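The structure appears right after this line, and notes come after that.
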Amino acid sequence: MGLELVIFIAAILFGIFLYWRESNGNGAYRFLNKIVNSKELQMTADNPKGFVFKQAFLPRLIFVVSLVLIAALIIEFLTPISVFASYYGISAFASFAAGTLIGTYIANFVIKSSKVIEEKSDSLEDIVSDTIDKGKDFIEDLKTKEAEVIEEQEPKEAPKKVEKSARERLKDKGLM
9 MGLELVIFIA AILFGIFLYW RESNGNGAYR FLNKIVNSKE LQMTADNPKG
59 FVFKQAFLPR LIFVVSLVLI AALIIEFLTP ISVFASYYGI SAFASFAAGT
109 LIGTYIANFV IKSSKVIEEK SDSLEDIVSD TIDKGKDFIE DLKTKEAEVI
159 EEQEPKEAPK KVEKSARERL KDKGLM
């Protein structure tokens, strides 16, 4: 289990590296596109699409699994390590393929979020400063309201009129 975890983390890092390399340039994908497609079907010069960069899930999955399969076949035939002869080899193969795929999506998230942050950096500064100003105004309003509440709570003593009791008033009227 420990070795599979190390393989999985290494595969995530490999996926991040693979996506980052293709985001900088897609020469291999262009070359393969020129070989496979006719002139009318070839991609345009400004198209940044690659094997994993800006691809949908299924083509990305096919590329990653085929790349890992080719690497596993090379390891199988050139070294004494038998990848497909045991459960552990197949499990390592699956872990590496899944980790690479997850790594490409992590890199996609990081690259997109960094672009959004760069675009919105000026407006983020304005938003933060406006929020700070509104917070200061809110705190000032709370302070003035607290002072008003404290003043209202202090009882104001009004001079009391000396009133006659009900018995005395009845006596004055002569009813008692």
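Each residue of the sequence shown is one higher than the last, beginning at 9 in the working numbering.
From the three backbone atoms N, C-alpha and C, an ideal C-beta is built for every residue, glycine too.
All values reported here derive from a predicted model rather than from experimental measurement.
Residue nearest to residue i in terms of C-alpha spacing, selected from the options
i, options, result
"V72", "A19, S31, A105", "A105"
"E30", "K153, A64, T112", "T112"
C-beta contact flag for residue i and residue j at 7 Å
i, j, result
"G107", "I20", "yes"
"A80", "V91", "yes"
"N34", "G58", "yes"
"A115", "I17", "no"
"L15", "A100", "Checking the sequence, you will find Ile at residue 15 rather than Leu. Closer than 7 Å, so yes."
Cα-Cα separation between residue i and residue j, rounded to whole angstroms
i, j, result
"N55", "Y37", "11 Å"
"N32", "F61", "10 Å"
"Q63", "L26", "13 Å"
"S129", "T139", "15 Å"
"I82", "N45", "28 Å"
"L69", "D141", "49 Å"
"K169", "E176", "15 Å"
"P67", "V124", "26 Å"
Legend entry - Contiguous beta strand (DSSP E) assignments of at least 3 residues, all confined to the region 18-86: none
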